[in-house]
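First the structure, in the form of structure tokens, and then the observations on it.
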Amino acid sequence: MLQRKADEGRIFRVAILQALAKDMKVNATGPAGLFAAGKLVGNLQGDQYIGGGGAFGSCIVFGKLAGKNAARQALSLND
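Listed below in structure tokens is the structure:
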């Protein structure tokens, strides 16, 4: 797995795959409303790669959950 050092800007580490891909606020000073999904936030298979599109399932499931929860949060701002 490639790792790159960030030269500038803030870095936020998020706990991935929280219950239903909800708001992944890191701490009291972290960015509110941060939702994430897909291969960019973590690999369910660890350091292994299951080829042939095997990763699409987790991307689809957690993408849908993160989108649903982001929409729910956005709609609640109007209340």
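Take the sequence shown: its position 35, counted from the start at 1, is 85 in the numbering used here, and no numbers get skipped. Positions of the beta carbon are idealized from the N, C-alpha and C atoms, including for glycine. Remember, predicted model here, so these are calculated numbers, not experimental data.
### Message
Taking the straight line between their C-alpha atoms, what separation do you get for residue 128 and residue 117?
### Response
Roughly 18 Å separates the two Cα atoms.
### Task
Classify residue 87 as buried or exposed, calling it buried when 16 or more other Cβ atoms lie within 10 Å of its own Cβ.
Per the 10 Å Cβ criterion, buried.
### Query
According to the neighbour-count rule (16 or more other Cβ atoms, all chains shown, within 10 Å of its Cβ), is residue 78 buried or exposed?
Annotation note: pLDDT 48 at residue 78 (below 50); position unreliable, coordinate value reported separately. Answer is exposed; the Cβ neighbour count stays below 16.
### Message
Just to confirm, is the Cβ distance from residue 85 to residue 124 under 8 Å?
### Response
By the CB criterion at 8 Å, residue 85 and residue 124 fall outside the cutoff.
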